[in-house]
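Notes to accompany the following structure.
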Ligand SMILES: [Zn+2]
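This is the structure in structure tokens:
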């Protein structure tokens with residue numbers, strides 16, 4: 003149920019029902035392609051004539067196209083002697099660019115209008131100043147688009163960054179790991195590349211990508227959470243397909259909720275935050291026997307979570323113990339997320355997922371201890387492998403998903 007706003011309402015016009023049905027048809031083509039006109043009409047429960055009008059609209063606006071589907075063609079051709087035609091999302095000669103900025107490096111990839119990669123991932127080195135990074139990004143984007151005319155017209159650039167972001171003004175408000183504050187990222191980049199740019203927090207974009215996933219798990223209604231464990235711990239939340247942003251786009255900062263009021267000092271300056279126990283930094287400090295408190299925990303080290311996982315797989319007791327302890331704290335925080343929004347689906351990404359089978363019992367132990375009702379004890383958590391590049395997929399979704407969104411009605 004959604005309340006009708008007495009100030010920001012939208013009344014139904016002559017074309018409203020057609021607009022809604024067109025978006026439904028578009029989303030059905032997206033999730034079921036290749037699909038025939040007859041199957042689409044049947045799924046929507048409308049007549050062939052009505053479906054034809056919707057399809058003509060979508061073909062005219064270049065959102066879908068009708069073509070032959072090779073597999074279907076083989077079987078049906080023989081029976082009826084004519085080539086069956088199917089509907090597809092128009093992904094030809096259109097692209098979007100996904101950019102993920104983090105302290106270690108910036109990644110970039112060209113994708114099609116449903117977020118599928120068209121070219122390999124490009125890596126740009128870390129830059130101490132945002133101005134330098136924007137210049138380098140603009141140069142790379144221009145170079146890639148010039149070198150690959152086959153990717154077609156670029157719809158825009160989605161940029162994700164680990165930090166607090168104001169998407170309306172295109173500003174990065176605060177990124178602790180980059181040590182950037184109040185930086186205008188969108189305007190200088192748009193100015194340099196003459197393309198629209200959408201900026202969003204990395205984990206918020208990750209949950210958006212899962213909600214809009216073209217492949218993999220079928221979308222669910224209700225709350226969905228995405229937890230990313232890296233230098234910090236970030237949580238993105240969506241409800242009924244809509245990002246939960248809060249008044250200042252800062253909803254979901256579970257990483258800075260304290261598990262203990264006198265725990266280790268966090269990068270945010272407060273004590274005992276979830277992230278001070280469960281982040282990559284905390285895991286490495288724990289393994290090395292260092293204090294978990296910031297800034298000591300951020301001291302450079304050759305040890306990585308990947309190397310600790312490798313030691314654990316070789317049976318090293320200290321590595322196994324470290325991962326279980328991190329996993330336990332991860333579970334404590336996940337229990338907090340469950341208490342807050344009880345997600346219908348919860349995703350976890352980060353290096354720790356590479357040892358998921360090993361650490362899952364400790365995650366579940368912590369969650370069971372915190373569960374208020376037995377139904378919440380054995381919560382299903384879906385690990386997102388590093389190889390899926392969830393943050394780049396998120397950046398892509400910033401540009402590609404609005405075309406498929408439900409129209410605003412009432
Ligand atoms: Zn904190």
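In this note's numbering, the protein residues as written are 3 to 412.
We treat Cβ as the ideally placed atom computed from N, Cα and C, and that holds for glycine.
Residue 402: member of the alpha helix (DSSP H) spanning 392-402, first to last residue.
Assignment of residue 66 by DSSP, reduced to helix, strand and coil, places it in the strand class. By the neighbour-count criterion, in which a residue is buried when 16 or more other Cβ atoms sit within 10 angstroms of its Cβ, residue 184 is exposed. When DSSP states are grouped into helix, strand and coil, residue 364 belongs to the helix group. Remark: C-beta atoms of residue 321 and residue 11 do not approach each other more closely than 8 Å.
Shortest Cα-Cα distance from residue 254 to any of 381, 358, 88, 341 involves 341. In this structure, residue 269 keeps its C-beta atom at 8 Å or more from the C-beta atom of residue 132. Note: residue 203 is bridge-paired with 163 in the DSSP secondary-structure output.
With a cut-off of 7 Å, the C-beta of residue 269 is classified as near ligand 1, since at least one heavy atom of the ligand falls inside that distance. Scanning 114, 165, 138 for the CA closest to the CA of residue 176 turns up 165. Within the model, the alpha-carbon separation for residue 144 versus residue 406 is close to 27 Å. The stretch 202-218 makes contact with the stretch 230-244, as at least three CB pairs between them are under 8 Å.
Assignment of residue 41 by DSSP, reduced to helix, strand and coil, places it in the helix class. Relative to ligand 1, the nearest heavy atom lies less than 7 Å away from the CB of residue 277.
Not one heavy atom of ligand 1 is found less than 7 Å from the C-beta of residue 334. Within the stretch 266-338, no beta strand (DSSP E) run of at least 3 residues lies entirely inside it. Excluding the 5 residues flanking it on each side, residue 38 has same chain C-beta neighbours closer than 6 Å at 88, in chain order.
Here residue 244 is exposed: its Cβ has fewer than 16 other Cβ atoms, across all protein chains shown, within 10 Å.
According to DSSP, residue 51 shares a beta bridge with no other residue. Checking the 7 Å criterion, the Cβ of residue 283 is out of range of every heavy atom belonging to ligand 1.
By the neighbour-count definition (other C-beta atoms within 10 Å, threshold 16), residue 3 is an exposed residue.
Separation of residue 43 and residue 27 (C-alpha to C-alpha, rounded to the nearest whole angstrom) is 9 Å.
When 193, 357, 229 are compared, the shortest CA-CA separation from residue 339 is found for 229.
Burial is judged here by how many other beta carbons sit within 10 angstroms of a residue's own beta carbon; residue 264 has fewer than 16 and is exposed. Under the three-state reduction of DSSP, residue 9 is assigned to coil, being neither helix nor strand.
A distance below 6 Å between beta-carbons, with the five flanking residues on each side excluded, links residue 348 to the following residues of its chain, in chain order: 227, 383. The beta carbon of residue 234 lies closer than 8 Å to those of 164, 178, 179, 257, 269, 277, 281 in the same chain, with the five residues before and after it left out. Secondary structure at residue 88: strand, using DSSP grouped into helix, strand and coil. For residue 103, the pairing in a beta bridge is given by DSSP as 108, 163.
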